[in-house]
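Engineer: Read top to bottom, the protein sequences are chains A and B. Under the numbering used here, the first residue of the first sequence carries the number 7, and numbering increases by one thereafter. Under the numbering used here, the first residue of the second sequence carries the number 7, and numbering increases by one thereafter. Please read through the structure below; I'll follow up with questions.
2 protein chains.
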Amino acid sequence: MLRLSKLTDYAVVVLARLEAEGGVQTAPCLALATGIAEPTVAKVLKALGHAGLVEGLRGARGGYRLERPLRAIPLSEVICAIDGPIALTACVDGASGCCEAETVCPVRGRWDPVNEAIRAALSAISLAELAAPRPAAGRRKPPPAQAGPDFPPAQAGPEFPPAQAGLNAPPAQAGLNAPPAPPARLPAHSPAE
Amino acid sequence: MLRLSKLTDYAVVVLARLEAEGGVQTAPCLALATGIAEPTVAKVLKALGHAGLVEGLRGARGGYRLERPLRAIPLSEVICAIDGPIALTACVDGASGCCEAETVCPVRGRWDPVNEAIRAALSAISLAELAAPRPAAGRRKPPPAQAGPDFPPAQAGPEFPPAQAGLNAPPAQAGLNAPPAPPARLPAHSPAE
DNA sequence: CCGATACCGGACAAGACAGGTCCGCTTTCA
DNA sequence: TGAAAGCGGACCTGTCTTGTCCGGTATCGG
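Structure below.
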């Protein structure tokens, strides 16, 4: 699966909404607009606030405001804000004593390149590309079977050809995880496969 | 976190062991060598067998054998074998009706490039690089010379520099997740090789 | 031919983790 | 001063991964 948490997914949606509306938006308002439960939206906003992606304005007439345009926010930053550092394995570098299998582990200290590659890939994509203005015309995956037609690497992106995989990958998947559906609690809830 | 399952981690270790030993190895033997519980090793091997990465030989004198050298196995294939298709979001492609927030979801159908980027990154790294013969010295990008004279970009890997990211990433993390550490038997059994 | 070995396939239970919610407090504006 | 809104934390629930076990089947050696 290699999936990231739902909260991250929500964060992307909320941020996109925030930019779409412009100015200051309250958490309840954003919840209404996105269909995500209010407490959850608040939770996401709080995390984003800590990461410096949004600014929280307290008091009456308060709300949240984008610190930067979506174009200047790499996806990796959102993931870090919500999920924490990007790393595929749980074994922390410095904790040498925690892994009992260290002596027999042939991949010890070898995940770095992998993590770096993932980080680079996620940094090369900005939120603006995820929340593209054109509203998903064809509903599903764009005509060109695999690699996207083109999407200029974000500003934070290092050098690294943008996602052109040629492997016999599994069927492409995309979309939102499935927010809990608006207030009234809609029936279907994406069981994700 | 964005972490992958422990099973995948185990799979890498087991595969590395399989190549280190060469020939046919039984599941119990691999369990002994890696320090992972036998049933778990068997489970991993079974999954790898389905994916065509190893071949299971039944009957007495049976065991498992690598179908391909590690050099020809991209990391993405192992992840797919154990964790399933690589996709950051759970929203399945065809399930258009399951996501109630479709109408308000601004990122609908926009995760494809991200998934492709991740896939490409993981396909560019072969298991041979993860299970490099030398323990763990360099830490950073591996010098071209490894075990073999050269490793072609796996069989499925596109062209794409092997994991060289330059972003200000959080502290590097690496290593094995931490196998259950043989409880009573085999205290840190056989050496790395 | 028979027994032993080892894989195959599935199902199961325990535990950990994340998801989602609630509460009280503080800050700001009308 | 009261209301609106964010802030911070803790809590509970549900899901999922993890790890294990079972019976069945195929092959080898005696």
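Where is the CB? At the ideal position from N, CA and C, for every residue including glycine.
Pull up the CB-CB distance for V47(A) and V20(A), whole angstroms please, since I reckon it's below 8 Å.
Structural biologist: Right, their Cβ atoms sit about 6 Å apart.
Engineer: Using only CA atoms, which one of A137(B), D118(B), P75(B) lies nearest to I131(A)?
Structural biologist: The residue with the shortest Cα to Cα distance from I131(A) is D118(B).
Engineer: Could you check which residue in A66(A), I85(A), R67(A), A43(A) has the C-alpha nearest to that of H56(A)?
Structural biologist: That would be I85(A), whose Cα lies nearest to the Cα of H56(A).
Engineer: Short of 7 Å in beta carbon distance, which residues of its chain neighbour T14(A), apart from the five on each side in sequence? Order them along the chain.
Structural biologist: The residues are V84, I85, I88, D89.
Engineer: Taking I124(A) and I92(A) to be in contact with their CB atoms under 8 Å, please state how far apart those CB atoms are, rounded to whole angstroms.
Structural biologist: I124(A) to I92(A), Cβ: 6 Å. Contact.
Engineer: Hey, would you say L54(A) sits closer than 8 Å to E25(A), going by beta carbons?
Structural biologist: The answer is no: Cβ separation not under 8 Å.
Engineer: From A37(A) to L10(B), what does the alpha carbon distance come to, in whole angstroms?
Structural biologist: Going by the C-alpha atoms only, they are around 30 Å apart.
Engineer: Would you say R64(B) lies against chain A (beta-carbon separation less than 8 Å)?
Structural biologist: Output row for R64(B): interface = no.
Engineer: Which residue wins for smallest C-alpha separation from G28(A), given the options K49(A), V60(A), K12(A)?
Structural biologist: The shortest C-alpha separation from G28(A) is found at V60(A).
Engineer: Taking Cβ-Cβ distances shorter than 8 Å, what residues in chain A pair up with V120(B)?
Structural biologist: Going along chain A in sequence order, the residues near V120(B) (Cβ under 8 Å) are L81, A127, L128, I131, L136, A169.
Engineer: Which value, in whole angstroms, describes the spacing of the CA atoms of A137(B) and A22(B)?
Structural biologist: If I take the Cα positions, the gap works out to 6 Å.
Engineer: Quick one: give me the first and last residue of the alpha helix (DSSP H) that V18(A) is part of.
Structural biologist: Looking at the DSSP string, the run of the alpha helix (DSSP H) that includes V18(A) is 12-27.
Engineer: Are the C-beta of A123(A) and some C-beta of chain B separated by less than 8 Å?
Structural biologist: So, interface residue.
Engineer: Note down, one range per segment and in chain order, each beta strand (DSSP E) of at least 3 residues found wholly within the stretch 32-101 of chain A.
Structural biologist: You should have 60-63, 69-72.
Engineer: Give the single residue among V30(A), R74(A), L81(A), R77(A) whose Cα lies nearest to the Cα of A66(A).
Structural biologist: Selected option, being the one with the closest Cα: V30(A).
Engineer: From the beta carbon of R71(A), is the nearest beta carbon of chain B less than 8 Å away?
Structural biologist: So, not an interface residue.
Engineer: Between A134(A) and L76(A), how many whole angstroms is the CB-CB distance? I'm expecting something under 8 Å.
Structural biologist: About 4 Å; that satisfies the 8 Å criterion.
Engineer: Please check if any C-beta of chain B sits within less than 8 Å of the C-beta of V60(A).
Structural biologist: For V60(A), the answer is no, since every Cβ of chain B falls outside 8 Å of its Cβ.
Engineer: Please classify G41(A) as buried or exposed, where buried requires at least 16 neighbouring CB atoms within 10 angstroms.
Structural biologist: Buried is the call here.
Engineer: Can a CB atom of chain B be found closer than 8 Å to the CB of R200(A)?
Structural biologist: Nothing in the structure corresponds to residue 200(A), since chain A is present only between 7 and 199.
Engineer: Relative to the alpha-carbon of R116(A), which residue among Y70(A), L94(A), A127(A), G58(A) has its alpha-carbon at the smallest distance?
Structural biologist: The shortest C-alpha separation from R116(A) is found at L94(A).
Engineer: Taking only the alpha-carbon atoms, compute the straight-line gap between V120(B) and L128(A) and give it to the nearest angstrom.
Structural biologist: If I take the Cα positions, the gap works out to 7 Å.
Engineer: Just checking: is the beta-carbon of L94(B) within a distance shorter than 8 Å of some beta-carbon in chain A?
Structural biologist: Closer than 8 Å: yes.
Engineer: Of all Cβ atoms in chain B, is any one closer than 8 Å to the Cβ of L24(A)?
Structural biologist: By this cut-off, L24(A) is not an interface position.
Engineer: How long is the line joining the alpha carbons of K12(A) and T32(B), rounded to whole angstroms?
Structural biologist: Straight-line Cα distance between these residues: approximately 40 Å.
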